[in-house]
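Peer 1: Counted from 1, the sequence shown has number 175 at position 88 by this note's numbering; the numbering is strictly sequential.
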Amino acid sequence: MRLTDSDEYFFRRSVSQLLAEKDVRSMGEYIQHAQVSTLEHCISVAYVSLWFSEKLHWRVDRRSLVRGALLHDFFLYDWHTDDSGRKGLHGFTHPRAALENAEARFQLTDREKNIIVRHMWPLTPVPPKCREAFLVSSADKYCSLIETLAKHTVYPYKG
Ligand SMILES: [Fe+2]
Ligand SMILES: [Fe+2]
88 MRLTDSDEYF FRRSVSQLLA EKDVRSMGEY IQHAQVSTLE HCISVAYVSL
138 WFSEKLHWRV DRRSLVRGAL LHDFFLYDWH TDDSGRKGLH GFTHPRAALE
188 NAEARFQLTD REKNIIVRHM WPLTPVPPKC REAFLVSSAD KYCSLIETLA
238 KHTVYPYKG
């Protein structure tokens, strides 16, 4: 799984723009699966989403695709140890928490909002309404599986 050089350049530039925000970088302090941080997970999901879109030759809003993927788990707590009562419901509630955090810090497109809030489909029953959100929902499941079973990040990003 490897992007073309021009796609890789676009991807890295998009990631570094969002990483300028310290709260986005702070996702690196939380574990998502095994030893993989939420930030590493989100970067991998963004990479795989872009790769899927290229392989499928789908016409997508690439900027929204990558930004929405990077922010899809921007919920900013450790879901393994959280004791605020959200733990059992995390799978259902964290897309809304991520959307609220993202909207408080960024101007989001409708596609970016849909990517974030619908990425847990079909656990949350309302399906994605754009292809970008469908791609991220699929890439999220792929990356979560690899991270949980192989215990390493799918795309090792070096800044
Ligand atoms: Fe998630
Ligand atoms: Fe995720």
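We put the CB at the ideal spot given by N, CA and C, even for glycine.
These numbers were taken from a predicted model, which means no experiment stands behind them.
With 8 Å set as the bound, which would you pick, yes or no: does the beta-carbon of residue 203 sit closer than that to a beta-carbon of chain D?
Peer 2: Here chain D cannot be found, since the structure has a single protein chain.
Peer 1: Are the segment 143-163 and the segment 217-224 touching by the rule of at least three beta carbon pairs closer than 8 Å?
Peer 2: Touching, yes, given that three or more Cβ pairs across the two stretches are closer than 8 Å.
Peer 1: Taking only three categories from DSSP, how would you classify residue 111?
Peer 2: As a first step, residue 111 must be located in the sequence shown, where it is residue number 24. In this structure, residue 111 counts as helix in the three-state DSSP scheme.
Peer 1: Counting along the chain, where does the alpha helix (DSSP H) carrying residue 128 start and finish?
Peer 2: As a working mapping, residue 128 is identified with position 41 in the sequence shown. Start and end: 125-143.
Peer 1: Among the residues of its own chain, which have a CB less than 6 Å from the CB of residue 166, if the five just before and after it don't count?
Peer 2: Along the sequence shown, read from residue 1 onward, the residue named residue 166 stands at position 79. If we look at residue 166 and ignore the five residues flanking it on each side, its Cβ neighbours are 177.
Peer 1: For the candidate residues 129, 207, 179, 153, whose alpha-carbon lies nearest to that of residue 140?
Peer 2: Here residue 140 corresponds to residue number 53 of the sequence shown, with the count starting at 1. When only C-alpha atoms are compared, the closest one is 153.
Peer 1: Alpha carbon to alpha carbon, how far is residue 243 from residue 122? Give it in angstroms, no decimals.
Peer 2: Position 35 of the sequence shown, counted from the start, is the residue given in the question as residue 122. Position 156 of the sequence shown, counted from the start, is the residue given in the question as residue 243. Whole-angstrom Cα-Cα distance: 13 Å.
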